[in-house]
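Residue 1223 in the numbering used here sits at position 88 of the sequence shown; the count goes up by one each step and never skips.
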Amino acid sequence: MNVQIILAGIGGQGILFSSKVFSELGLKMGLDVMGSETHGMSQRGGSVSAHLKLGKFQSPLIRKGAADILYSFEENETYRTLHFLKSGGICFVNLESEDQFNKSIMKFLKEKEITFRAYDATGAASKIGSIRSANIALIGYSAGTGLVPFKYEDLRSVLELVSRKKNL
């Protein structure tokens, strides 16, 4: 199995931690893992992204139109990184409702047969008193959809491995 994943957000949203989670998940699944991260102005709320390749690949960067899955932890970062998704790819966005998403972009997604899922990860994380866990809420949501090539149970065991005990 080969999977190419883009993680996009802004500084402080846990992109690098999410990258670590997916790297460990890939290793748990017996896959080779390659990755590349762009930090930008992450400490000032600037764009942060990570490219992850799970499986047999030659280089860590994902070309435009090649990613299987995009996780966007911030709506505007979705628009900035959407061009990486391939036709038939999957896009998970931290957003209260699909109705909030740009209508012309939704039309584009339908034309490209890209599966789009909005999930209020920030709201879900707030309900458990840990707003900084919105990244994991979005990833956990994706595992429950059946659209991604990993199991919720495997994700949970990786989170137990890489997270501090106080955050579990």
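Backbone N, C-alpha and C define an ideal beta-carbon position, used for all residues, glycine too.
Just so we're clear, the structure is a prediction, and the values are computed from it rather than from any experiment.
Taking 8 Å as the cut-off, the beta carbon of F1152 is found no closer than this to the beta carbon of M1169. Here DSSP, grouped into helix, strand and coil, assigns G1144 to strand. In the three-state scheme derived from DSSP, where H, G and I count as helix and E and B as strand, V1156 is classed as helix. G1170 carries a strand assignment under DSSP once its states are collapsed to helix, strand and coil.
Residue pairing by DSSP places H1186 opposite I1141 and S1171 in a beta bridge. Rounded to whole angstroms, the separation of the alpha carbons of I1225 and L1282 is 8 Å.
Closest by C-alpha distance to G1180, out of A1143, I1249, S1232 and F1219, is A1143. Using a Cβ-Cβ distance cut-off of 8 Å, the stretch 1149-1163 and the stretch 1229-1236 are not in contact, since fewer than three pairs of beta carbons, one from each stretch, lie closer than that value.
Take the alpha-carbon of Q1139 and the one of I1263: they are about 30 Å apart. With contacts defined as CB atoms closer than 8 Å, Y1206 and F1227 qualify as a contacting pair.
In chain order, F1227, R1252, Y1254, A1256 and A1259 place their CB closer than 8 Å to the CB of Y1276, counting only its own chain and leaving out the 5 sequence neighbours on each side.
By the beta-carbon neighbour count (other beta carbons within 10 angstroms, threshold 16), D1203 is buried.
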